[in-house]
Amino acid sequence: MKITDMKCAVIGRNPVVRIVTDQGISGFGAAESYKPYLKPFILQFREALIGEDPTDVERCMLKIRNRGAFKPYGAPISVIEHALWDVAGKAAGVPVYKLLGGKVRDQVRCYNGAFRKPMTEFTPEAYAENCKWMMDLPEGFDIIKQGIGFHSPMKSIPGFFYGSAMPNPFHGHNDSGPLPERSLSLMVDCVAAMKDVLGDKVGLALDCGPGWFPADALRFARAIEKHNVMWCEDMLTGDYSTHSNAQTYRDLTMQTTTPIHTGEQIYLRNNFRELIETQAVNIVGPDPADVGGIAELKWIAEYAHLHGILMAPHGTGNGVLGLAALIQVCATLPANYIAFEYPVGTDPWWYDIVEGLPKQIVKNSMIDVIDRPGMGVDLIPEAAKRYLLPEDADFFD
């Protein structure tokens, strides 16, 4: 089997890659909906891959892997990898999890970081109401994640930090500054209010930053220890940070019992190595659409397991094709796996242009592992064509 073409189209807001082969098999992968600008970055690898056997996934990846970088520029490499595995699974007539060593669980747990009701104020009462809404969703999520601090509009409250929230034309959270006591107290009160609603039935994770200075991060993490949150995520670095800051994370982690989590922006295993080997965090959260692909994520999960570090992958913007990739790889992960962040289709019609997903995807926070060949979820060309831009009209040809 040979690759004859590689195409990319922005469908809705997600850049979608299609690997075309001489045997009529196509493979698909999708980047986050926040990154439509990545289309030309994906297509720059077209010539490097034409003529290669897509089922030799690692051989193909060796040609392109070193051209990626931290988020967002790990995404082009990552979604090409997804498409290669999709082809490989379809060619073998098996789901991708079989090619990754087989599944160790028949269902995978996910958590809710995507179904959120917009908030207009940031008070303990508002956070409590929002958590109640999230807890009552029909998916029955047993872990929910709320944005707080620099990873929420809370940072725009006048005087929230010693600085000013800056307008940003790009997706991401880039504000930073020291926090006054009143802001730390407000956030602690918001956590207490959310836990009053959730009790011990639903776990609470906090999407915190980046943007915190270490002293503020430690004060906050210690102040909420009694509430037993699942984790504080990306306090020091994260999102579109260009580094991981392992030593400073370790200083924080070693001084609090609140679990510390990071990793969504990190590209490749070697950039997780120091975080893992120095026990710098309690939980790592690579995104399979940014870290270099699903095989890369699996390696990181296994290495973290050896060091007693937990795994909770990121994925909120990856769409329904990204959901399929998360299901396949998380079915194979070791016992340190907690849950992945459930991605949703950014437009309701996404669920009408794919096949392979059940009508109710999540039940009691769990998803049945999909057994169809490849990633298990496929675009329906005739349905998807209506959402193509004119310049992408030949995407399915």
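Going by my numbering, the first residue of the sequence shown is number 1, and it counts up by one from there.
Where a beta carbon is used, it is the ideal one built from N, C-alpha and C, also for glycine.
The model shown is predicted, which means the values in this text are computed figures rather than measured ones.
Asked	Found
Compare the Cα-Cα distances from G199 to each of R219, M230, N282 and F220 and report the closest residue.	M230
Can you tell me whether Y342 is buried or exposed, with buried defined as 16 or more other CB within 10 angstroms of its CB?	buried
By how many angstroms is the C-alpha of P72 removed from the C-alpha of I11?	18 Å
Measuring CA to CA, which of P180, E181 and S164 is closest to H173?	S164
Here's the rule: buried if 16 or more other CB atoms are within 10 angstroms of the residue's CB, otherwise exposed. What is K2?	exposed
Is DSSP giving N112 helix, strand or coil here?	strand
Per DSSP, W349 forms a beta bridge with which residues?	Answer is none; W349 lacks a bridge partner.
For F28 and S185, what's the separation of their Cα atoms in angstroms?	47 Å
Using the Cβ count rule (16 or more neighbours within 10 Å means buried), how would you classify D371?	exposed
For a minimum of 3 consecutive residues, which ranges assigned as the beta strand (DSSP E) are wholly contained in the segment 20 to 66?	26 to 30
Taking only runs of the alpha helix (DSSP H) that begin and end inside the segment 221 to 292, which ones reach a length of at least 4 residues, in chain order?	246 to 253 and 273 to 277
Rounded to the nearest angstrom, what separates Q247 and D347 at their Cα positions?	40 Å
Quick one: what does DSSP say K359 is sitting in, helix, strand or coil?	coil
Roughly how far, in whole angstroms, is the beta-carbon of H314 from the beta-carbon of P334, given that I think they are within contact range, below 8 Å?	Not quite, the Cβ-Cβ distance comes to about 18 Å (not below 8 Å), so this is no contact.
Are P124 and C190 closer than 8 Å when you measure CB to CB?	yes
What would DSSP say about D394, mapped onto helix, strand or coil?	coil
Using alpha carbons as the reference points, say which of A126, Y162, M166 and G159 lies closest to G147.	A126
Note down the Cα distance separating F220 from I361, rounded to an integer number of angstroms.	36 Å
In the DSSP assignment, what residue or residues form a beta bridge with E410?	Because the chain here runs from 1 to 397, residue 410 falls outside it and cannot be looked at.
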